[in-house]
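Asker: Starting off with a structure, shown below.
Residue numbers (the UniProt record's numbering): 1 to 701.
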């Protein structure tokens, strides 16, 4: 399906493309001057680039733009994530320090469920027989204790050649402090195994804590040949179509990087789509002048919830993938990478409704995806999904779904729900149950996430995007006490739009343990300057000649504590007078994190981070518009309201007929090609100067 909208006064000129491959849909956006063209196609699992390229051709034809006129293509993909989750990587081996090959199996020795005697931990990506230890040893300060045994490396290479190994992860003890042994081992393996992919932990994740570092490096090695081949294949096909512009990749941290850098470190792409959504929500918040936001991104497979404070999405340095218990922290493979902090749950339009062993209605986490899809799609799916429930409730017009390109069978949705065999087979009642369960699941996840971050939700605005979020945003807001909901233009393809608003950036990290009262400033400044130079070179490759913005962060703790907290440090050469500044910054961060007093203990810095990027996207000023006139509505249709259980006459309004200042009284359905916004009976909606729908909750009484 395709749509065309005004991009608003803040849009830069020139033709640019953003493309997001999700678990169900592939979203493509083409921006040309002040116009935006977009399309959603079902994801083609066998060849992900096929749907992407088909969508690009469709939009170019629609806009009358030649490939040579496009100045930028930005892409986010689930290829690395899916390969890790589905264990479809290449045959991979691990070379490590003698005696440490079982680090991947031992993990952190913590239990994510201490009461479950049958608890299943995720299996390492590399089986034990392919994990080889060789004689070598560094201490924590990078001093050589045992020289590298080159002959042992060659012997391992000989075995791996026979076993068809295509990628090797090299992860030695304390290599973050001295990488010379890893680099020498890589030279030997490259000579002994021509064409093999090599991932060095000192490059992929040069930070302390062996389990996380080993796990991240192995994950990178496991998917690197696949992602490298895919990205260069896509790049070549774009060039064959006539594109002369660079192809950038969205990183999990919310920045952009080049094809070569992404192919080298594909593990940094695992959350690229959701990161684009967070960037999109942050840009919408900036345009609206809203400081505290909860972003809700609901697609066909999952729902993502992110908190945005003062225009900045929260970030983290650890992400878990392939959880044995999908939403249980600690049950997955840890990846130590910069990532936008969010909670992800199995609550998308394709989430499957079922009856559990106790005869209770359940929704998710499994999804019907695009193949076979919801029952209404007519593509072989027979199990009811959230989309089938929305159709049965009357929220979705089957004849207009996907701009009329996908014909839905409402009868199939009804029959699939009735086939669950509970509640006397009343499809409408079951649809209410499915809708309420998925909305409460999302609301509960948001509450827990906010509590974990020490924040509240009822004083925030909600920005909802993704194909399914506008259908559920009002009810989600009601459950959380949120009074304002923002549905941006292009909400159905929000992540792809976010790609075009992201800066070219890169983050480097190094572990160097120093006490703040005993700083070796020469050593520290040398480390930070080297990281800055490397990051600046990567950004320059992606944005030649662009201005660069640098941020530096330290992760520290009181000596004896188990975990560290981040705080910002000056992005310049540090001098002795800065010691007091660093201590004060740490103590402020500590009080903010824990809400308590600081301790009379030495402060120990463990990890140093440098982020370099092109300037962040900034909106232009827009005129202030308020709701001034009620739109006259001539068409209505019955829609079941889950709160009351009654079928109410909802106003039907096409979004394209609304103008800034127009107001629609709830209950109403505001339809567009990519999604439908449900305005519940407790909300009204109006359009602001940016073309965004603003749902405001009515004052009670």
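We put the CB at the ideal spot given by N, CA and C, even for glycine.
This structure is a prediction, so every number in the text was calculated from the model and none was measured.
Nearest-angstrom Cα distance between residue 680 and residue 668?
Answerer: Their backbone Cα atoms lie some 7 Å apart in a straight line.
Asker: Tell me whether residue 225 is buried or exposed, calling it buried when 16 or more other Cβ atoms sit within 10 Å of its Cβ.
Answerer: With 16 or more Cβ atoms within 10 Å of its Cβ, residue 225 is classed as buried.
Asker: Short of 8 Å in beta carbon distance, which residues of its chain neighbour residue 188, apart from the five on each side in sequence? Order them along the chain.
Answerer: Excluding residues within five positions, the ones whose Cβ falls inside 8 Å are 150, 153, 154 and 157.
Asker: I think residue 91 touches residue 165, with their Cβ atoms under 8 Å apart; what is that distance to the nearest whole Å?
Answerer: Right, their Cβ atoms sit about 5 Å apart.
Asker: Does the pairing of the segment 635–646 with the segment 462–469 give three or more beta-carbon distances under 8 Å?
Answerer: Taking 8 Å as the limit for Cβ pairs, the verdict is that the segment 462–469 does not touch the segment 635–646.
Asker: Report yes if the C-beta distance between residue 418 and residue 427 is below 7 Å; otherwise report no.
Answerer: Contact: yes.
Asker: I'd like to know if the segment 124–137 and the segment 165–175 are in contact, where contact means that at least 3 CB-CB pairs between them fall below 8 Å.
Answerer: Taking 8 Å as the limit for Cβ pairs, the verdict is that the segment 165–175 does touch the segment 124–137.
Asker: Measure the Cβ-Cβ separation of residue 106 and residue 222 and say whether it is below 7 Å.
Answerer: No, Cβ-Cβ distance for residue 106 and residue 222 is not below 7 Å.
Asker: Check whether the Cβ atoms of residue 663 and residue 652 sit closer than 7 Å, and answer yes or no.
Answerer: Not in contact: residue 663 and residue 652 (Cβ atoms no closer than 7 Å).
Asker: Please give me, in chain order, every unbroken run of the beta strand (DSSP E) with length at least 3 that falls completely inside the segment 430–514.
Answerer: Here the runs fully enclosed are 461–465 and 484–487.
Asker: What first and last residue would you give for the alpha helix (DSSP H) that runs through residue 27?
Answerer: No alpha helix (DSSP H) contains residue 27, which is instead part of the beta strand (DSSP E) from 25–32.
Asker: Cutting at 7 Å between CB atoms, please list the residues of its own chain near residue 688, excluding the five before and the five after it.
Answerer: Contacts found: 625, 660 and 694.
Asker: Can you name, in chain order, every residue of its own chain whose Cβ lies under 6 Å from the Cβ of residue 258, other than the five neighbours on each side?
Answerer: These residues qualify, in order along the chain: 541 and 542.
Asker: Can you grab the Cα-Cα spacing for the pair residue 26 / residue 129, in whole Å?
Answerer: Their backbone Cα atoms lie some 39 Å apart in a straight line.
Asker: Taking residue 434 as the reference, give the member of 448, 449 and 414 with the closest Cα.
Answerer: Closest by alpha carbon: 414.
Asker: Exposed or buried, residue 167, counting other C-beta atoms within 10 Å across all chains shown (16 or more means buried)?
Answerer: With 16 or more other Cβ atoms within 10 Å, it is buried.
Asker: Identify, in the order they occur along the chain, each residue of the same chain with its Cβ nearer than 8 Å to the Cβ of residue 456, setting aside the five sequence neighbours on each side.
Answerer: Once the five neighbours on either side are set aside, the close Cβ partners of residue 456 are 450.
Asker: Give me the residue from 211, 87 and 253 with the minimum Cα distance to residue 110.
Answerer: Selected option, being the one with the closest Cα: 211.
Asker: On the DSSP bridge assignment, give the partners of residue 304 in chain order.
Answerer: According to DSSP, which records beta bridges pairwise, residue 304 is partnered with 297 and 344.
Asker: Which residue spans inside the segment 134–220 form an unbroken beta strand (DSSP E) run of at least 3?
Answerer: Counting whole runs of 3 or more residues, the segment 134–220 contains the beta strand (DSSP E) stretches 144–146, 167–171 and 197–200.
Asker: Say whether the segment 180–195 touches the segment 71–85, bearing in mind that this needs 3 or more beta-carbon pairs closer than 8 Å, one atom from each stretch.
Answerer: No, because fewer than three Cβ pairs between the segment 180–195 and the segment 71–85 fall closer than 8 Å, the two stretches do not touch.
Asker: Which residues does DSSP list as the beta-bridge partners of residue 248?
Answerer: Answer is 74 and 258, bridged to residue 248.
Asker: Give me, in chain order, the residues of the same chain whose beta-carbon lies closer than 6 Å to that of residue 235; leave out the 5 immediate sequence neighbours on both sides.
Answerer: Same-chain partners within the cutoff: 247 and 259.
Asker: Which one or two residues does DSSP pair with residue 604 in a beta bridge?
Answerer: Bridge partners of residue 604: 515 and 557.
Asker: For residue 684, report the span of its beta strand (DSSP E) as first-last.
Answerer: Where residue 684 is concerned, the enclosing beta strand (DSSP E) stretches over 683–687.
Asker: Going by alpha carbons, who is nearest to residue 271 out of 283, 263, 285 and 252?
Answerer: Closest option to residue 271, Cα to Cα, is 252.
Asker: Tell me the DSSP secondary structure of residue 530 in three-state form.
Answerer: In the structure shown, residue 530 sits in a helix (DSSP, three-state: H, G or I).
Asker: Whose C-alpha, out of 655, 384 and 178, is nearest the C-alpha of residue 146?
Answerer: That would be 178, whose Cα lies nearest to the Cα of residue 146.
Asker: Assign residue 531 to buried or exposed, taking buried as 16 or more other Cβ atoms, counted over all protein chains shown, within 10 Å of its Cβ.
Answerer: Its Cβ being crowded by 16 or more others within 10 Å, residue 531 is buried.
Asker: Roughly how far, in whole angstroms, is the beta-carbon of residue 469 from the beta-carbon of residue 298, given that I think they are within contact range, below 8 Å?
Answerer: The pair is a contact, with the Cβ atoms about 4 Å apart (cut-off 8 Å).
Asker: Residue 59 and residue 39: beta carbons closer than 7 Å?
Answerer: In contact: residue 59 and residue 39 (Cβ atoms closer than 7 Å).
Asker: Just checking my contact of residue 432 with residue 640 at CB under 8 Å: how many whole Å lie between their CB atoms?
Answerer: Going by Cβ atoms, the distance from residue 432 to residue 640 rounds to 6 Å, so yes, they are a contact pair.
Asker: Assign residue 309 to one of three DSSP states: helix, strand, or coil.
Answerer: Of the three classes helix, strand and coil, the one that applies to residue 309 here is strand, per DSSP.
Asker: Can the beta-carbon of residue 587 be found closer than 7 Å to that of residue 571?
Answerer: Not a contact, by the Cβ cut-off of 7 Å.
Asker: Relative to the C-alpha of residue 180, which candidate in 202, 198 and 162 has its C-alpha closest?
Answerer: For residue 180, the nearest C-alpha among the options comes from 202.
Asker: For residue 564, write down the residues that DSSP places opposite it in a beta bridge.
Answerer: DSSP lists no partner for residue 564.
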